Amino acid sequence: MSNFGKIYEVDLTQGKITNRDFTEAMAEEHLGGFGFNVATLYKEVVAGTDPLGPDNVIVLSPGLLTGTAVPCSSRLHICSRSPQSGLMGSSNVGGFFGARVYALNIRSIIIRGQSPKPVTLHFSENGPQLLDAQKIWGKDSRKSDEFLRQEIGDPRLETLVIGPAGENLLPCACIMAGWDHAAGRNGMGAVMGAKKLKAVTIETVKRKEVLTPEKKELVKAYIKEIKERIPQRYQDFSQLGSAGDILELNEMGLMGTRNYREMQIENVDKIDGRHLKSYVKKKTSCHKCPVHCKAEIKISAGRHSGFLGGRPEYESIIDLGPLCGLTDPDELLYLSNLCNILGMDTISTGSIIAFAMDIYDRGIITLKDTDGLALKWGDAKAMEAIMHKMAKREGFGDILAQGVKKASEIIGKGSEKYAYHVKGVEMYGGDPRGLSATALSYAVSLRGGDFTSVYPIPEFRYSPERAEKEFGSRKAVDFKATEGKGPMVRFCMMVSSIVDSIGICKVAILSVANHFDLEMEAKMVNAFAGFDLTPEDFFRIGERIVNMEKMFNLRHGATKAMDTLPDKFTKEVVSEGPSKGTFANLEPMVDDFYKSMGWDESGIPLSETLKKFKLDDKELEKL
């Protein structure tokens, strides 16, 4: 049986590292990346495991195609039991770290236990080793990255590091790959911090891939598809990044403004990608990406003059900007990068601060509660101050550091009404009421308030004819309708799981190229991995992964009651703007989704569904 690479198993408690083969059978069953991570956690993490305890497992795996010559094949997936939701935690990161892992013939890194002191897990061509990290414990992510490059003596060293937020176990702590690539969602940085794992590093290694004529033609064809299938989308993302979609959301009346009090914001053009182009110093990219949607920015004036950082993504702009009432581009760019430096997820951080500003404005909390900070809408200096307090878990910052769900429970006094989250995970600031598939995606997402685990773009991109053919209703592409949304979200959830498992960027193939049929991706896998998979085979694997993730969540306390949205979105109708009159009518869509998935009315997979995917149905007896 062919060996696809190595699985490294790291026991931090014992300080031991072993390895075993990643076999062809594993690749055929799970693909790689997300799929392999889910299978590992499904097998190893038992009910009652403390997300921040030594028995929790964190798994880092490149996708099956990550690091190859396949366009946009950059993604490394990171999974563990989430300290935010208590359910499956999942995040992924681009850049070049995943490609470097592939170059060392590593297919997965499984980390268990807890180190007695801070350590760095270092990989080179000589093998892995655990290095003392006490010198950088307490340093921010940027300073840690710089120190490691100098200490190891490799200016091109690839790093995964946590900042103060991860060390201090913030549930929203992220993992940074360099300055501008974040594994942001679900608190994976806190899991690393609990294990006293400051960083994972990989030295420069060269691995030249010799392409056959067939592979060369496939690569050319794929690049052409990305660039030419929807030319305007390619041009927008290439020039503006995802920040180019800011104006559209505002025009649709779906811009969550001042913690969703309003659906549009004034001066939005100042924070759209078209304006942010003036800050771009140079465009950057991930491994083998023809889109180049990333960019290095420089602030040239004001109190942050001379600051260098990365251009934030669409979601970061919204949550740290309009959601908090902020439209100053200098401040927004700085605060987004400050989150990265401190090692905090931008989406959760913005949502938490918006919550605090909202209840301060309503008089639920006062200066006495906030350590003297006047948390007024759009006050960037106050936002900066509270971020530092959160990262250090100081004073009122320690309360907010626990996330909107727990913070509102501590504060009480009716603040819970303004704490917007799904399964304990803060939402990005687009209001879901005017987009039915997005609303459903949030509600049934197996990772809480992270709709990218579903990515329901067909609601925007499919024709009514195609929607009827694939989802049983022309209204599936009607933003306000509920018909057909269950099958659509099922389909998108499977697609997302497959894409995350093969390691290709969702932006390039789903947002830009609209490649939801995955025919081209199947051809790539077959050519580069030596398989003979059809798109139908892909979807079968994807559905198996989703059902494993669902069973993991049920094991850890997930219920149907969690598959919902805050009352704000299900009970309050949008009162103004283009989305006036809309609300999230979830019940019929959730029921339809469960039915399409082969789950019962409580959202539990049927015995025959589990057997279909060769999963053990005995665990159903415990639910």
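Using this note's numbering, the first residue of the sequence shown is number 541, and each one after it goes up by one.
Ideal placement from N, C-alpha and C gives every residue a C-beta, glycine not left out.
The model shown is predicted, which means the values in this text are computed figures rather than measured ones.
Residues that residue i bridges to, as DSSP identifies them
i       : result
ALA922  : Answer is none; ALA922 lacks a bridge partner.
MET795  : GLY970
SER631  : ILE618
ARG652  : ASP551
ALA841  : In the DSSP output, where bridge partners are listed per residue, ALA841 has none listed.
LEU700  : VAL740
ASP672  : VAL659
PRO711  : According to DSSP, which records beta bridges pairwise, PRO711 is partnered with nothing at all.
ASP1131 : Looking at the DSSP assignment, ASP1131 forms no beta bridge with any residue, so it has no partner.
MET716  : VAL701 and ALA722
MET884  : ALA713
VAL731  : None; VAL731 has no bridge partner.
THR563  : ASN543
THR1099 : Answer by DSSP bridge pairing: none, since THR1099 is not bridged.
VAL962  : VAL965
THR906  : DSSP output for THR906 lists no bridge partner at all.
PRO1145 : TRP1139
LYS1111 : Answer is none; LYS1111 lacks a bridge partner.
LEU848  : LYS838
Own chain partners of residue i with C-beta closer than 6 Å, once the 5 adjacent residues on each side are dropped
i      : result
MET541 : Here MET541 scores only 37 on pLDDT, less than 50, and its place in the model is too uncertain to base an answer on.
GLN669 : HIS662
PRO695 : ARG689
GLY703 : ASP680, SER681, LEU882 and GLY883
GLY575 : SER1041 and ILE1085
GLU853 : SER782
PRO862 : MET795, THR797 and ILE805
Neighbourhood of residue i by C-beta, 7 Å cutoff - its chain only, sequence neighbours within 5 removed
i       : result
ASN790  : GLN804, ILE805 and VAL808
ALA1021 : SER976 and LYS1015
GLY545  : PHE562, ASN645, ILE646 and ARG647
ALA1062 : LEU1073, THR1074, PRO1075 and PHE1078
GLY555  : LEU670
ARG933  : ASN708 and ALA941
With 16 other Cβ atoms within 10 Å as the buried cut-off, status of residue i
i       : result
VAL586  : exposed
LEU907  : exposed
ASP911  : exposed
GLY572  : buried
GLN690  : exposed
ALA914  : exposed
PRO753  : exposed
ARG851  : buried
ASP1131 : exposed
ARG560  : exposed
VAL550  : buried
ASN543  : exposed
ARG843  : exposed
ASN666  : exposed
TYR1023 : For the sequence presented, residue 1023 should be read as Glu rather than Tyr. Answer is buried; the Cβ neighbour count reaches 16.
Of the residues the options, the one placed nearest residue i, counting alpha carbons only
i       : options                               : result
LYS746  : ILE1042, PHE636, GLY724 and MET792    : PHE636
LYS738  : LYS675, PHE895 and PRO771             : LYS675
GLY733  : LEU552, HIS570 and SER664             : LEU552
GLY954  : THR867, ASP898, PHE1109 and PRO695    : ASP898
SER856  : ASP720, GLU568 and HIS928             : ASP720
THR608  : GLU1083, VAL1017 and ILE1044          : ILE1044
LEU604  : TYR582, SER625, HIS570 and ASP1132    : HIS570
ASP1077 : GLU568, GLY555 and GLU549             : GLU568
ILE598  : ALA730, THR824, VAL984 and HIS844     : ALA730
GLU1005 : VAL1017, ASP870, LEU940 and ASP990    : VAL1017
GLY588  : SER622, THR580 and VAL610             : SER622
ASP1156 : CYS826, THR1122 and ARG1095           : ARG1095
GLU1083 : TYR1134, GLU1008, ALA1098 and ALA1069 : TYR1134
SER1037 : PHE1068, PHE1011, ARG1001 and PRO996  : PRO996
PHE1153 : SER1119, GLY1097 and LYS1090          : LYS1090
GLY1143 : PRO602, GLY1097, GLU836 and SER891    : GLY1097
8 Å CB neighbourhood of residue i in its chain, flanking five on each side removed
i       : result
ASN1066 : ASP1072 and LEU1073
ASN1093 : LEU627, MET628 and LEU986
ASN632  : GLY573, PHE574, ARG615, LEU616, HIS617, ILE618, ALA723 and ASP1040
LYS810  : THR867, ASP868 and PRO869
Contact with chain C by residue i, beta-carbon distance below 8 Å
i      : result
LEU644 : The question asks about chain C, but that chain is absent: this structure has only one protein chain.
How do the stretch 748–768 and the stretch 813–831 stand: do at least 3 beta-carbon pairs fall below 8 Å, yes or no?
-> Because the criterion of three Cβ pairs below 8 Å is met, the stretch 748–768 and the stretch 813–831 touch.
Touch test, the stretch 632–652 against the stretch 1103–1113, Cβ-Cβ under 8 Å, three pairs minimum | Too few Cβ pairs lie closer than 8 Å, so no.
Stretch-stretch touch, CB-based, cutoff 8 Å, three pairs: the stretch 773–781 with the stretch 954–969 | Not touching, per the Cβ criterion.
Meets three-Cβ-pair contact criterion under 8 Å: the stretch 918–934 and the stretch 859–871 | Inter-segment contact for the stretch 918–934 and the stretch 859–871 is present: three or more beta-carbon pairs are separated by less than 8 Å.
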